[in-house]
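In the working numbering, the protein residues as written are 1 to 459.
These notes are about the structure you will find just below.
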Amino acid sequence: MPGLLLSVSFDDIDSRFWGCTTHLAGLFLVEASHLPRVRLADYPLLVRLNPAIPWKTRGNAAVVARLWVDGEDAAWDTCGLAESLAWEYTAPRVGEPEKQPGVACVLGRPWESRVARALYSRALTDVVTVDEALRVAWRIGARVAGGRGRIGAVSALAALAPGDPYTYELTAYRHPSMWGERRCVDHEAAAKVEAAVPPCVFNNYDPQRGRLTAAPGGPDPVLAGFRGTCPEWLGAYSTVLCEEPHFWVLYRSNQHTDAHARPLGPPRPYKTGVAKAVVESDPRVAAGGHVFVRARLEGGASVELAFYKETGPLNRAARLLRAGDSITVLANVRPYSPHGIPLLTVEKMLVQRVAASRIRASPRCPRCGHRMKRTGRGGHYKCPRCGYKAPLSPLVIPEPRLMGPGVYTPGEGRLRHLTAPPWLSIPILESLEGPEWGMATSTSANPPVQHPPASTGAH
Ligand code: ATP
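Here it is, written out as structure tokens:
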């Protein structure tokens, strides 16, 4: 046994204008790697929480470092280092009172605590209060400091337990001198890497727009974050960066694992989860291409489902829904109800059964056989060819259904942080891995993982 297990967790370290929780966590890891009595107990964890939280800056991320430390003194010194780095990093945030960093430290295995796991589950799917997080922190003996960031910091401590699915993200950070500058990314080279790597990488490249979506826009210090289940292949993307990274971190993550796909229950604002539903109306396509559908959830609530234009294939699938279809949605409840019923933004949809659908058509003219036209007077039709007029019933004919049962999601490069690609085989965490520092962080231009040359197509 290499010593005591210490988890150090960070959240809300970023600001709208600069900085990022994962960047500060990366700086902490680089500092901690020089401490003689501290070793990595696992890859650093990049933990995404409820995507419906309105006060997040970007992807609602917390970071946890799991460390082996040589005794309690070393543990609390390491925790003190994390706290002082966080306060130093966030000190220049003048005029942003709503940003409130949080740091939490705990000894032992917090994921074995029932209350800590329950808090993690709620933080993925609902709104957690600071008091609730502090109560759990007290129960598990965690040391907590800061403001609202304590919610995410404490909740993330119990993430990624053995038995949980996980993916990796290999993140490159920018030199501070480059913050705010345009990122140098070779999108054409990215297309070639994308074509050469095996299907264990995902959501890094948007083939529709020909863009490396792994590189964010905006002023934050992330140069790019490459996602997949095979770290060695993620390293292949480093060749598409024409800006030299400052340092790298390889994270284990709950990203793209559907970790938030838990029963939704009553659709309260800011909740996220999964609900079965029966479609009640044919889709309405609004200005801008967004699609809205009324549905009744299994619990009886009537809701409006929104499938935004940006979701591409999911939006196109929603246009083919019809009243009576049985679906299951993974969705976020919005805080407003424009039509008097809860509005849910859909991230992913499983179509279980498509209903038989019928459409009404004008009858044929009994005199000349031409298709008749409605005259506008209830039930009356007129033949545009021979002029015959009569009160007739419309034809009701089966509509061919253009969609079948299946899972529908946004396209590559457009998936939300927690949504799992339907084709992905997701690994399950067996135990902590204890990587060497050099396998999880690198302060050179090269990533910490050796990658096979993407051009070999060796898969
Ligand atoms: P970045 O990715 O740059 O770190 P972010 O998108 O993660 O930014 P934060 O600035 O960290 O956003 O803000 C998220 C805030 O929401 C934090 O204060 C966190 O404690 C809090 N939070 C996270 N999940 C929940 C939840 N389920 N309920 C209430 N508050 C939450």
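Every residue gets a Cβ at the ideal spot worked out from N, C-alpha and C, and that includes glycine.
Model, not experiment: these values are computed from the prediction.
Annotated three-state conformation of Val128 is coil, per DSSP.
Here Thr129 is exposed, its C-beta having fewer than 16 other C-beta atoms within 10 Å.
A distance criterion of 8 angstroms places the beta-carbon of Lys56 in contact range of ligand 1, judged by its closest non-hydrogen atom. In this structure, Arg183 is the residue among Arg183, Ala190 and Glu232 with its C-alpha nearest to the C-alpha of Gly217. In this structure, DSSP gives Arg371 an extended state, which the three-state scheme calls strand. Contact between Pro427 and Gly235 does not hold, since their C-beta atoms are separated by about 18 angstroms, which reaches or exceeds 8 angstroms. Ala61 is bridged by DSSP to Arg48. Membership of Ser177 in any beta strand (DSSP E) is not indicated, and neither H nor E is assigned to it by DSSP. The three-state reading of DSSP puts Pro338 in coil, since its state is none of H, G, I, E or B. With three or more CB-CB distances shorter than 8 angstroms, the segment 98–111 counts as touching the segment 143–157.
Distances from the CA of Thr375 to each of Arg48, Ser362 and Arg367 were compared; the closest alpha carbon is that of Ser362. In this structure, Asp12 has its CB closer than 8 angstroms to one or more heavy atoms of ligand 1. According to DSSP, Leu344 shares a beta bridge with Leu305 and Val333. If you compare the alpha carbons of Tyr336, Ala116 and Gly225 with that of His23, the shortest gap goes to Gly225. Take the alpha-carbon of Asn315 and the one of Ser84: they are about 46 angstroms apart.
Between ligand 1 and Ile327, a heavy atom-to-CB distance of less than 8 angstroms is absent. By the criterion of at least three beta-carbon pairs nearer than 8 angstroms, the segment 365–382 is not in contact with the segment 427–440. Only residues of its own chain outside the window of five on either side were considered, and among them His256, Thr257, Asp258 and Ile426 have a CB closer than 7 angstroms to the CB of Ala420, listed in chain order. Using a Cβ distance threshold of 9 angstroms, Ser7 and Val106 count as a contacting pair. Annotation: the continuous beta strand (DSSP E) that includes Leu395 extends over Leu395 to Pro398.
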